[in-house]
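Worksheet: one structure, shown below.
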Amino acid sequence: MGPLLRRHYRMGPRDVLGDHPVSGVQTLTPGILRLACIDSEAPPLFSRADASGKRLGYEPAAAELVASAMGLNIEWACMPWDDMLPSVRDHKVDAVWCGQGIIPERQAVVDFTDPYAVFDETVLVRKGDPARAPEDLSGYRVGAIEGSANMRLASTFPGIIPVAFGATEDVFGDMLAALRNGEVDAMIDDDVVTVPLGEDPAYDVAFTARTGNHWGIGVAKDNPQLLAGLNSALAAVISDGRLAAVWAEWMPHLPFPLTTEVRA
């Protein structure tokens, strides 16, 4: 596990879901929500933590919003991608809030909240590469995070050679470096982080698949109280428009997708 990055917030003992104390929510340390993440540069989702441990981006801001609705402080635990779900399962952290598309392989390990984001998937290639459709990728080495929805999509492209990434804290940076250096010919990740890279002189956007991946917060299967508390807080900040405001701050180029996605 990587170093713990602590964020502390001033908030009262009562939540915004009603005029009553938060009850029934169990965390490893009372009053603190310890969240697994990777320490990677993937704006506008998140950026590397600064020297003080501060993380910026949509995910940290959304996590702050939901935690404050529950009357909890946040403690970030940075670790390699592959360690995040096991850390939740083994109660080293309370939850994972870091790019977790809700797919069956992950649901076998943890339970997921309702979604806090919905994204499509985009294939990125080196500048000047002519690929613009799945069939153009035949024979290409295509990088994606191991066990991800992105890798599942890549496996449907005819004739590609899948290349799995996932053993480091900066897996997204590793994939970009591999593409830039010619170790892979293409990479696939969610549109929110890949489409902006089409403006980078090193890359071109090949195409976007309209998959509508739902992202959720992963919680240990034996902690239904925390799952319910997160869902209640998430529903509250969606219904009152506060999560939409955070989305618009960080991702104004994407329409907010959650008006009807999350159960009340």
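Taking this note's numbering, the leading residue of the sequence shown gets -3, the next gets one more, and so forth.
Think of the CB as a built atom: it goes at the ideal place given N, C-alpha and C, for glycine as much as any other residue.
What you are looking at is a predicted structure, and each value in this text was computed from that prediction instead of being measured.
Assuming residue i contacts residue j (C-beta within less than 8 Å), just tell me the rounded distance between them.
i: Pro130; j: Pro154; result: 7 Å
i: Ser222; j: Tyr112; result: It is Leu, not Ser, that sits at residue 222 in the sequence shown. Actually they are not in contact, since the Cβ atoms of Leu222 and Tyr112 sit about 15 Å apart, beyond 8 Å.
i: Arg238; j: Leu52; result: About 18 Å; that fails the 8 Å criterion.
Here's a check: name, in chain order, each residue in its chain whose Cβ is nearer than 7 Å to the Cβ of residue i, leaving out the five neighbours to either side.
i: Ser19; result: In this prediction, Ser19 scores a pLDDT of 49, lower than 50, which makes its location untrustworthy; no coordinate-derived value is stated.
i: Leu24; result: Arg30, His87 and Asp90
i: Leu250; result: Val188
Return helix, strand or coil for residue i, following the three-state DSSP convention.
i: Glu117; result: strand
i: Leu133; result: helix
i: Ile234; result: helix
i: Trp246; result: helix
i: Val138; result: strand
i: Leu223; result: helix
Residues in its own chain within less than 6 Å of residue i by CB, not counting five upstream and five downstream?
i: Arg227; result: The sequence given here has Asn at residue 227, not Arg. Thr109 and Asp110, listed in sequence order.
i: Val114; result: Gly208, His210 and Pro253
i: Asp181; result: Tyr136 and Arg137
i: Ala240; result: Phe252
Count the other CB atoms within 10 Å of the CB of residue i; is the residue buried (16 or more) or exposed (fewer)?
i: Arg3; result: Since pLDDT at Arg3 reaches only 33, below the 50 mark, its modelled position is unreliable, and the value read off the structure follows with that caveat. Buried: at least 16 other Cβ atoms inside 10 Å.
i: Arg206; result: exposed
i: Gly139; result: buried
i: Glu268; result: Absent from the structure is residue 268, since the part of the chain shown begins at -3 and ends at 260.
i: Glu55; result: buried
i: Pro40; result: buried
i: Glu71; result: buried
i: Gly124; result: exposed
So, at 8 Å on beta carbons, what are the nonlocal neighbours of residue i in its own chain, with the 5 sequence-adjacent residues on each side left out?
i: Ala145; result: Gly97, Ile99, Glu117, Thr207 and Asn209
Just to confirm the assignment: which complete alpha helix (DSSP H) runs, minimum length 4, are found wholly within the segment 140 to 214? Counting whole runs of 4 or more residues, the segment 140 to 214 contains the alpha helix (DSSP H) stretches 145 to 150, 167 to 176 and 187 to 190.
Runs of beta strand (DSSP E) lying entirely within the segment 17 to 61, each at least 3 residues, in chain order: Listed in chain order, the beta strand (DSSP E) runs fully inside the segment 17 to 61 are 28 to 33, counting runs of at least 3 residues.
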